[in-house]
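Below is one structure; the comments refer to it alone.
Protein chains: 2
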Amino acid sequence: MNTLTSSEELIQSMLPAIEAELEVAVSLANGNITKTLHQMLTYHLGWEGEAAGPEARGKRIRPLLLLLTCSAAGGNWQAALPASAAVELVHNFSLIHDDIQDNSPLRRGRTTLWKHWGIAQAINAGDAMFTLAHLALLRLNEHSPADIVIKAARTLQQACLNLTRGQYLDLDYETRNDITIDDYWPMVEAKTASLIATCTELGALISVTDEERCSEFRRFGLSLGLAFQVQDDLLGIWGDGILTGKSTESDLTSGKKSLPILFGLSQNGSFYNRWMQGSIKAEEVPELAKLLDSEGARSFTQGQANRLTKEALQALENSKPEGLAGQVLKEITLKLVQRES
Amino acid sequence: MNTLTSSEELIQSMLPAIEAELEVAVSLANGNITKTLHQMLTYHLGWEGEAAGPEARGKRIRPLLLLLTCSAAGGNWQAALPASAAVELVHNFSLIHDDIQDNSPLRRGRTTLWKHWGIAQAINAGDAMFTLAHLALLRLNEHSPADIVIKAARTLQQACLNLTRGQYLDLDYETRNDITIDDYWPMVEAKTASLIATCTELGALISVTDEERCSEFRRFGLSLGLAFQVQDDLLGIWGDGILTGKSTESDLTSGKKSLPILFGLSQNGSFYNRWMQGSIKAEEVPELAKLLDSEGARSFTQGQANRLTKEALQALENSKPEGLAGQVLKEITLKLVQRES
Numbered sequence: 004m005n006t007l008t009s010s011e012e013l014i015q016s017m018l019p020a021i022e023a024e025l026e027v028a029v030s031l032a033n034g035n036i037t038k039t040l041h042q043m044l045t046y047h048l049g050w051e052g053e054a055a056g057p058e059a060r061g062k063r064i065r066p067l068l069l070l071l072t073c074s075a076a077g078g079n080w081q082a083a084l085p086a087s088a089a090v091e092l093v094h095n096f097s098l099i100h101d102d103i104q105d106n107s108p109l110r111r112g113r114t115t116l117w118k119h120w121g122i123a124q125a126i127n128a129g130d131a132m133f134t135l136a137h138l139a140l141l142r143l144n145e146h147s148p149a150d151i152v153i154k155a156a157r158t159l160q161q162a163c164l165n166l167t168r169g170q171y172l173d174l175d176y177e178t179r180n181d182i183t184i185d186d187y188w189p190m191v192e193a194k195t196a197s198l199i200a201t202c203t204e205l206g207a208l209i210s211v212t213d214e215e216r217c218s219e220f221r222r223f224g225l226s227l228g229l230a231f232q233v234q235d236d237l238l239g240i241w242g243d244g245i246l247t248g249k250s251t252e253s254d255l256t257s258g259k260k261s262l263p264i265l266f267g268l269s270q271n272g273s274f275y276n277r278w279m280q281g282s283i284k285a286e287e288v289p290e291l292a293k294l295l296d297s298e299g300a301r302s303f304t305q306g307q308a309n310r311l312t313k314e315a316l317q318a319l320e321n322s323k324p325e326g327l328a329g330q331v332l333k334e335i336t337l338k339l340v341q342r343e344s
Numbered sequence: 004m005n006t007l008t009s010s011e012e013l014i015q016s017m018l019p020a021i022e023a024e025l026e027v028a029v030s031l032a033n034g035n036i037t038k039t040l041h042q043m044l045t046y047h048l049g050w051e052g053e054a055a056g057p058e059a060r061g062k063r064i065r066p067l068l069l070l071l072t073c074s075a076a077g078g079n080w081q082a083a084l085p086a087s088a089a090v091e092l093v094h095n096f097s098l099i100h101d102d103i104q105d106n107s108p109l110r111r112g113r114t115t116l117w118k119h120w121g122i123a124q125a126i127n128a129g130d131a132m133f134t135l136a137h138l139a140l141l142r143l144n145e146h147s148p149a150d151i152v153i154k155a156a157r158t159l160q161q162a163c164l165n166l167t168r169g170q171y172l173d174l175d176y177e178t179r180n181d182i183t184i185d186d187y188w189p190m191v192e193a194k195t196a197s198l199i200a201t202c203t204e205l206g207a208l209i210s211v212t213d214e215e216r217c218s219e220f221r222r223f224g225l226s227l228g229l230a231f232q233v234q235d236d237l238l239g240i241w242g243d244g245i246l247t248g249k250s251t252e253s254d255l256t257s258g259k260k261s262l263p264i265l266f267g268l269s270q271n272g273s274f275y276n277r278w279m280q281g282s283i284k285a286e287e288v289p290e291l292a293k294l295l296d297s298e299g300a301r302s303f304t305q306g307q308a309n310r311l312t313k314e315a316l317q318a319l320e321n322s323k324p325e326g327l328a329g330q331v332l333k334e335i336t337l338k339l340v341q342r343e344s
């Protein structure tokens, strides 16, 4: 076995293993009479059909975090592969249903599953992906003791429950005008950060780490997940693609209650007045983004991202990450909040 | 502890225990900020809101079968309660999503969840119910060994995967004109019988029965599930409520590819000719039901129901059911296929 010396080498050794594990997990939906169901899933995962390829697959950030944490906690990351497939499938199940709920025609530049096969089949394909996630997780018991597998299953299901609670709030907020920054945090914690916290917790759990250290790794993931979402919100208004017009979807036009928008509303100034007059058109986006910035929303949001990143790095240090994987976790944390797209 | 002597007494002792277990399972979705999500679930389960009550809850046949099998396999049915809640929640998750997929405004005479709270929230409420089912199942480990719990979790997830495969087929068949009786069986096995087979298998598994006997109990559930569906198809055309006009939904008007309809189509006679001319109106239902009967569809379907019931009873006998619960399983099997609604 070669000793990996660079972060890039370690990540590049994990990514194909994740992809292979995902393929095994998803193949359970295949069969003579359900080939098309299987095809829906492989399409959504970016393996098949229109514009398939690495760009269509996303970054696989959740399974990577899980495997890296397992290794950084002193475990063998290969033993955690079933769990890494599981978290990626849970994430993708939620995307399939999100796209229906948000009426989104595109995901990563490709036609969404529901646009392709209709709402009824897309709901069902999401359900299949959800089940495949949990079937994947149970394969942990090829290498892990039964009580750890049960703990892992419960942790993942709890994350799924949080996900649905967060999604309930997100949908509810869309139609409400009384949402504040205080309402924002429980929503993003449930909808985004909880699953990322579960990735780092599961990685530690599978390496059979003591409870205290598992909790630290979970705290790391939770802060990282929140930082990630806040950064996402920042890019949703001032991101490269948004302002240059490469991406058509600004959070300003979709009406999403993101952190900078909630901050802007709390200022009761010009942005607030414009928002209350009704939905925002694409041509207004550059000017309104500038207005929000001048009212302090950008620096507030950046400040929150920085604070959460600092908390993540502190929790990571407390969890005493080992070896190259520990180093990579630190690098990823810094990179995620410095990203521009 | 009283000794229960009649079937009715045994069932009446199980039903409140199932309801209590369901309430505990569903309460996990509750919380300060997600009260409405919890309310969607309790509404769907018939506990709250419009016309709540026993009529709105369904027969809880799946959890009953599970508990009865556990007892008939020599186990303590109380230990199986978490699994009984799990199968009922899986069933109800599938109903919530089915109602969206079928565009159904009513379920058991009440407004469907999606009609009440919109499609987006209903998809999410179904997802929450799905997760709660699996969280309920994992509570088995308060009384059962870890390896049994993992086996039970895998068995239930496999049933869920089958459910989505069956639903894929059902949705696919709706739009196709080349479906035959040969296509019917794998669809209903996956969509309906697999979950009922899982109820009886889990009941046996939790009583720590040997594998051979577990398989027999599973075979019993599978045949029973198929018989149940065939009988449902029969009632969907010649049922009491349908022909007297008490129920407005005949399978003839919904265009469902049920067994009598597929038989009728295979005869290439007058029914086939009428079917090919386009959708059937409510006022044509009595005449077309008579026509289908005269072309042999009713006696064919009844014959299949009888054959499957016989197979179920044989499998039940092979699994050597014990005590009063064993007797009740036999009675339920006979009752299910003699029911009129």
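Protein sequences appear in the order of chains A and B.
First residue of the first sequence: 4, per our numbering; consecutive thereafter.
First residue of the second sequence: 4, per our numbering; consecutive thereafter.
Cβ coordinates follow ideal geometry from the N, Cα and C atoms, glycine included.
The secondary-structure analysis by DSSP pairs residue 109 of chain A across a beta bridge with A:114. By the 16-neighbour rule on beta-carbons within 10 angstroms, residue 27 of chain B is exposed. Closest in C-alpha terms to residue 159 of chain B, from the list B:196, B:187 and B:322, comes B:196. Interface flag for residue 134 of chain A against chain B is set, since a Cβ pair is found closer than 7 Å.
For residue 141 of chain B, the closest Cβ of chain A is nearer than 7 Å. Residue contact with chain B for residue 163 of chain A: present (Cβ-Cβ distance below 7 Å to some residue of chain B). Taking each of A:77, A:62, A:50 and A:253 in turn and checking the Cα distance to residue 217 of chain A, the smallest one comes out for A:77. Going by beta carbons, residue 80 of chain B and residue 70 of chain B fall inside the 7 Å limit. Close CB contacts of residue 45 of chain B within its chain, under the 6 Å cut and outside five residues either way in sequence, are with 51 (chain order).
Secondary structure at residue 181 of chain B: coil, using DSSP grouped into helix, strand and coil. Residues of chain A whose Cβ lies closer than 7 Å to the Cβ of residue 149 of chain B are, in chain order, 149, 150 and 153. In chain order, 18, 21 and 91 place their CB closer than 7 Å to the CB of residue 63 of chain B, counting only its own chain and leaving out the 5 sequence neighbours on each side. Put simply, of A:297, A:268, A:136 and A:143 the residue whose alpha carbon is nearest the alpha carbon of residue 164 of chain B is A:136.
One finds 100, 103, 104 and 126 in chain B with Cβ atoms closer than 7 Å to the Cβ of residue 126 of chain A, taken in chain order.
Under the three-state reduction of DSSP output, residue 289 of chain B falls in the helix class. Interface with chain A (7 Å Cβ-Cβ cutoff): residue 183 of chain B is excluded. For residue 66 of chain B, the uninterrupted alpha helix (DSSP H) run begins and ends at 64-75, by DSSP.
Ranked by Cα distance from residue 262 of chain A, the options A:132, A:302, A:220 and A:43 are led by A:302.
Closer than 9 Å at the C-beta level to chain A, one finds these residues of the region 182-216 of chain B: 186, 189, 190 and 193. Contact between the region 90-105 of chain A and the region 163-179 of chain A is present, with at least three C-beta pairs closer than 8 Å.
At the C-beta level, residue 223 of chain A and residue 203 of chain A come within 7 Å of one another.
Residue 85 of chain A places its beta carbon less than 7 Å from that of residue 142 of chain A. CA-CA distance, residue 58 of chain B to residue 106 of chain B, rounds to 22 Å. Under the DSSP assignment, residue 277 of chain B falls in the alpha helix (DSSP H) whose first and last residues are 273-279. Among the CB atoms of chain A, none fall inside 7 Å of the CB of residue 46 of chain B. In the three-state reduction of the DSSP assignment, residue 146 of chain A falls in the coil class, being assigned neither a helical nor a strand state. Residue 137 of chain A belongs to the set of residues whose beta carbon lies under 7 Å from a beta carbon in chain B.
For residue 175 of chain B, the closest C-alpha among the options B:322, B:108, B:260 and B:228 is that of B:260. Residue environment analysis places residue 127 of chain B among the buried positions, since at least 16 neighbouring C-beta atoms fall within 10 angstroms of its C-beta. Within 8 Å of the CB of residue 65 of chain A, no CB atom of chain B is found; the nearest one sits about 17 Å away. For residue 170 of chain A, the chain B residues whose C-beta falls within less than 7 Å of its own C-beta are 127, listed in chain order.
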